[in-house]
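Remarks on the structure that follows.
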Amino acid sequence: MTPALSTVIWVACLVAWVVIRLPYQRRARRIGVSRDARTLPDRLALGAATVGLAVIPGLHAATGLFRFADYPFQPWLAWIGAAVAVAFLALFTASHRALGKNWSVSLEIRREHTLVTDGLYRYVRHPMYSSFWLWALAQACLVQNGVAGLSGLVGVALLYWTRVGPEERMMREAFNGAYDAYARRTGRVVPKVW
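Position 159 of the sequence shown, counted from 1, bears residue number 158 in numbering that gives the first Met the number 0, the numbering being contiguous throughout.
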């Protein structure tokens, strides 16, 4: 593994993220919304995740900005990042497929929204966030820079802590006791083992 290959893998993840998400985003625009719970903090957190996962490392890769925070390249760490990136893309794709027409980039309940509890959702309530945590971890390993590499973890943390609580409240309101029963048997982003 070389620094150049590590950068190529990171860029490929970014491109794959867009390619995977785009058809679902287009479909979501065509399906009516019955409840919109988007707030300014939610939008800012989504922006922070985008900046941390795309803008800051992209600027670093394209211009060398933040070069002062580079640390010696470790090929073994980049290989771990590549493996985690594959896991991210697999989980990201699978969680979009499982949600299907229920998917939304923001806090929305679609018309005819259903509570998805099978497939990945049988084990965790938020596999999409699990995939984002994996992406941020892959970025930290692939982009070996104290600012650009770690910015994804900061962005995802802000998104996760800002959004998961309101998202779960919204689901409880939409699905009443069914969501509570589902939440008791599943983990948020990591499967329950007991």
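Even glycine gets a Cβ: it sits at the ideal position worked out from N, Cα and C.
### Message
Taking the alpha helix (DSSP H) that Arg37 belongs to, which residues open and close that run?
### Response
Run containing Arg37: none; DSSP gives neither H nor E here.
### Query
Per DSSP, which one or two residues make a beta bridge with Asp69?
Asn144
### Query
Between the segment 46 to 55 and the segment 152 to 164, are three or more C-beta pairs nearer than 8 Å?
yes
### Query
Straight-line CA distance for Tyr178 to Leu76?
39 Å
### Distance CB(Ala139)-CB(Gly148) smaller than 8 Å
yes
#### Entry: Residues that DSSP places opposite Glu166 in a beta bridge
Partner(s): none; Glu166 has no beta bridge.
### Message
Across the segment 7 to 23 and the segment 79 to 97, are there enough close Cβ pairs to call them in contact, namely three or more that are closer than 8 Å?
### Response
yes
### Task
Work out the CA separation of Asp69 and Asn144 for me, nearest whole Å.
4 Å
#### Entry: Supposed close pair Val123, Asn101 - CB separation, criterion 8 Å
About 16 Å separates the two Cβ atoms, so there is no contact after all.
### Message
Suppose only complete runs of 3+ residues qualify. What are the beta strand (DSSP E) ranges in the segment 98 to 136, listed by chain order?
### Response
107 to 109
### Query
In or out: Glu111 buried (at least 16 other Cβ within 10 Å) or exposed?
exposed
### Rounded Cβ spacing between Leu119 and Pro126 (contact assumed at less than 8 Å)
4 Å
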